[in-house]
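S.K.: The numbering of the sequence shown is this note's numbering, which starts it at 27 and goes up by one. Even glycine gets a Cβ: it sits at the ideal position worked out from N, Cα and C. Treat the numbers as computed from the prediction; the structure is a model and nothing was measured. Take a look at this one; I'll ask things after.
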Amino acid sequence: METTTPARAADPSGVPAPPRLGHSPALSSGAGRAVARIAAFAVCQAAMIAGLGLLITGPARNLWPLSAEDALNDAFERVRNDALTTASAIASGAGDTHTVVGVTVLCCLALLVVPPLPRWRAALFLALAVWLQSLVFLLITEAVDRTRPDVERLDASPPTSSYTSGHTGAATALYAGLAVLVLSRVRGRWGRVVAVLLLLIPLLVGLARLYRGMHHPSDVVGGLLNGALSLFVVGRAVLADDAWAARPPADAVDIAVAAAERRPGPSREAAVVIVNPTVTDTATRDRLRLVLAQRGHADVTFVETTERDTGGGQAADAVRGGAGLIVACGGDGTIRAVADSLAGTDVTLAVVPCGTGNLLARNLGLPLDPADALAAALTGEPRALDLGTISGDGIARTHFTAMSGAGLDAAVMGSTSDRAKSALGWPAYVLAGLGELRGPRMRLAVTLDGAPALHRTARMVLIANIGTVQGGTALVPGARPDDGLLDLALFDPRGAGGWLRAAGVLLRGSRPTGTAGGAHGGPVEFFTFRRAELTFTRPQPREVDGDPVASGRRIIAEVRPGALTVLLPAGEK
């Protein structure tokens, strides 16, 4: 099958500029066409509902059933009592602007962050439907001037026309939209029950607006129609199988990769992509394959990690097989396992963050989107980075790339479930940490580069090759992965004041370096070293690059300067 691609801009030398890595005309979603159609249908929708409004307020105003509307509003006024008034206030509030906006934002965020994620089309459908309803409502109120019913109104009258009911229209777009999403994803009786309950909300909102004297019945009908049409137009554009914003064909990536491979350019070395299947979905792998093809890597092999072999064995096999580039796609644990096998070799590593913490990627200045991170690395240059080694009782000597430690941080890593990390991301560690703050203080002896031992108490010990964690916090200020040193941080805050002082040190990014003397240096102490021995009086929880390891009483850490070659974006170190 032949495919054609639009002409690309050329640089001054006349050579066409390559497409942005990870993108291709074959992967186009037709979003521009969908937007144009939504706009056209929105104009028709507004014209139709406004036309009905002009008919209601003009030639048809004295015809039945419009002639009976005043009597119905009077009837609602006569049956008012305290209980019904309270219930109507609650129902009307479900269609209030602040409520609708808040619920829409929360639902869209949930669709994007709660696994399986992200549901981009569902979130776009809901947000666009609510927005389109609001836009059409504003156009209609400008075109149709209708006074509110001549009864006592229980709410302050907004300056807009009575036609249409904005509360009812917004409630229809939001809650009926949620019902559509529930029916499309929740099978069985419970899905239908939830959908029916959601569909009742706009009807209750409309009924409440009549009871409270805010609208004529035809205003409420107009609001229901506006919300329903908004859902239809946006759903047709986004959700339908033949949606205007069409999904790329099933073989779109194959088409894009084939086009990239036909493009003239140097052929590069064989690449092996090691992926953690629990955090790397098919769509991400396809984009990585396209990025590699666009950079001339035609010989690419994807290999999955397993529960028993988290990347080290796969990396070693790739090195023996002659791979010139290894792409590690996973969290810090996967990156660590791959780096452990690549240490001391001349094979280049590209880091693709797909995990919860992604500390190494953050400190290397890589984007957190997997395809963007790979594209940035492949357009960068190789740099030699340090690795740390760690061993001890119950820990076989292994490398780490980011941080290892004992005490509070290790306890947090051990108590954070995979389910919580999958659902919440790195904030799951924060929640787990709140439960570990009252853990016992540990006693230890620290020997740095053969100097006399320092005796300390601490709640947390960190051995760091990098310094920054999530949120840009410099947990170990000054730690760098290319300075030929490792950093030791001892955290020993006492009481709330101690934690505040420790937080102040971190927020300032200052680094009060420890000395070889025996005096305690406050709630936080920092040291640099090439080799360190830590001995605890009791077994302590320990972790290596975020993965819990066996508790024990001893840690030996050493630096291996420049042991790992990593592709980094230009300008990063």
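To which residues of the same chain is residue 544 closer than 6 Å at the C-beta, ignoring the five residues directly before and after it?
M.R.: Note on residue 544: pLDDT 37, under 50, position unreliable in the model; the coordinate value appears next. Contacts found: none.
S.K.: What's the gap between the Cα of residue 330 and the Cα of residue 302?
M.R.: About 6 Å.
S.K.: Report the partner residues of residue 582 according to the DSSP bridge assignment.
M.R.: DSSP lists 417 and 559 as partners of residue 582.
S.K.: Which one or two residues does DSSP pair with residue 513 in a beta bridge?
M.R.: Residue 513 pairs with 490 and 554.
S.K.: Would you be able to state if there are at least three C-beta pairs under 8 Å between the region 184-202 and the region 79-97?
M.R.: Yes: the two stretches touch, three or more of their Cβ pairs being nearer than 8 Å.
S.K.: Taking the C-alpha atoms as reference points, what is the distance between residue 145 and residue 586?
M.R.: In a straight line, the C-alpha of residue 145 is about 43 Å away from that of residue 586.
S.K.: For the putative contact between residue 181 and residue 238, defined by C-beta atoms under 8 Å, what is the C-beta separation to the nearest angstrom?
M.R.: That pair is a contact at about 6 Å.
S.K.: Which same chain residues, not among the five before or five after residue 163, have their C-beta less than 7 Å away from its C-beta?
M.R.: Answer for residue 163: 190, 192, 195 and 252, listed in chain order.
S.K.: Which one of 140, 262 and 88 has the shortest CA to CA distance from residue 62?
M.R.: Among 140, 262 and 88, the Cα nearest to that of residue 62 is on 262.
S.K.: Take residue 150 and list the residues in its own chain whose beta-carbon comes closer than 7 Å to its own, dropping the five residues that flank it on each side.
M.R.: 264, listed in sequence order.
S.K.: Comparing the C-beta of residue 354 with each C-beta of chain C, is any distance below 8 Å?
M.R.: The structure shown contains no chain C; it holds only a single protein chain.
S.K.: Using the Cβ count rule (16 or more neighbours within 10 Å means buried), how would you classify residue 552?
M.R.: Label assigned to residue 552: buried.
S.K.: For residue 277, which residues of its own chain have a beta-carbon under 6 Å away from its beta-carbon, when the five flanking residues on both sides are left out?
M.R.: Residue placement at residue 277 is flagged as unreliable, the pLDDT there being 48, under the threshold of 50; the coordinate-derived value follows with that caveat. Excluding positions up to five away in sequence, the list is empty.
S.K.: Whose C-beta lies closer than 8 Å to the C-beta of residue 152 among residues of the same chain, with five residues either side of it excluded?
M.R.: Counting only Cβ-Cβ distances below 8 Å, and skipping sequence neighbours, we find 130, 133, 134, 137, 200, 203, 204 and 207.
S.K.: Let me know the secondary structure DSSP gives residue 495 once reduced to three states.
M.R.: Here residue 495 sits in coil by DSSP.
S.K.: Pull the bridge partners of residue 566 from the DSSP assignment, please.
M.R.: DSSP output for residue 566 lists 578 as bridge partner(s).
S.K.: Tell me the DSSP secondary structure of residue 69 in three-state form.
M.R.: Three-state DSSP puts residue 69 in a helix.
S.K.: Considering only the alpha carbon of each residue, which of 427, 469 and 577 lies closest to residue 364?
M.R.: Comparing Cα-Cα distances from residue 364 to each of 427, 469 and 577, the minimum goes to 427.
S.K.: Run through DSSP, which three-state label would residue 326 get?
M.R.: Residue 326 falls in the strand class under three-state DSSP.
S.K.: How is the alpha helix (DSSP H) around residue 260 delimited, first residue to last?
M.R.: 243-264 is the extent of the alpha helix (DSSP H) around residue 260.
S.K.: Measure the alpha-carbon distance for residue 86 versus residue 220 and round it to whole angstroms.
M.R.: Taking the straight line joining both Cα atoms gives about 39 Å.
S.K.: Output yes or no for whether 8 Å exceeds the beta carbon distance between residue 401 and residue 299.
M.R.: No, they are not a contact pair.
S.K.: Nearest by alpha-carbon distance to residue 387: which of 353, 245 and 419 is it?
M.R.: Comparing Cα positions, the closest option is 353.
S.K.: Three or more beta-carbon pairs under 8 Å between the region 512-524 and the region 483-494, yes or no?
M.R.: Taking 8 Å as the limit for Cβ pairs, the verdict is that the region 483-494 does touch the region 512-524.
S.K.: With 16 as the cutoff for other CB atoms within 10 Å, does residue 563 come out buried or exposed?
M.R.: By the neighbour-count rule (16 or more Cβ atoms within 10 Å), residue 563 is not buried but exposed.
S.K.: What's the gap between the Cα of residue 76 and the Cα of residue 70?
M.R.: Their backbone Cα atoms lie some 10 Å apart in a straight line.
S.K.: Using CA coordinates, which residue listed in 584, 529, 385 and 468 is at the minimum distance from residue 475?
M.R.: The candidate whose alpha carbon is nearest that of residue 475 is 584.
S.K.: Among residues of its own chain, excluding the 5 on either side of residue 420, which ones have a beta-carbon nearer than 6 Å to its beta-carbon?
M.R.: Excluding sequence neighbours, residue 420 sits near 576 and 578.
S.K.: Compute the distance between the beta-carbons of residue 581 and residue 432, then report whether it is under 8 Å.
M.R.: Contact: yes.
S.K.: Suppose the cutoff is 7 Å on Cβ atoms and the five residues either side in sequence are ignored; what does the same chain contact list for residue 295 look like?
M.R.: Only 350 and 351 meet the Cβ criterion.
S.K.: Assign residue 412 to buried or exposed, taking buried as 16 or more other Cβ atoms, counted over all protein chains shown, within 10 Å of its Cβ.
M.R.: Classification of residue 412: buried, given that the 10 Å Cβ count is 16 or more.
S.K.: Between residue 260 and the rest of its own chain, which residues show a CB-CB distance below 7 Å, the 5 nearest in sequence each way excluded?
M.R.: Here the set comprises 64, 151, 154, 155 and 158.
S.K.: Could you tell me if residue 503 is buried or exposed, where buried requires 16 or more neighbouring beta carbons within 10 angstroms of its beta carbon?
M.R.: Buried, because 16 or more other Cβ atoms sit within 10 Å of the Cβ of residue 503.
S.K.: What's the gap between the Cα of residue 179 and the Cα of residue 398?
M.R.: If you take the alpha carbons of residue 179 and residue 398, they lie about 56 Å apart.
S.K.: Where are the alpha helix (DSSP H) runs, 4 residues long or more, that stay fully inside the region 390-435, in chain order?
M.R.: If we require 4 residues or more, the alpha helix (DSSP H) runs fully inside the region 390-435 come out as 396-404.
S.K.: On the criterion of 16 or more Cβ atoms from any shown chain inside 10 Å, does residue 435 qualify as buried, or is it exposed?
M.R.: Its Cβ being crowded by 16 or more others within 10 Å, residue 435 is buried.
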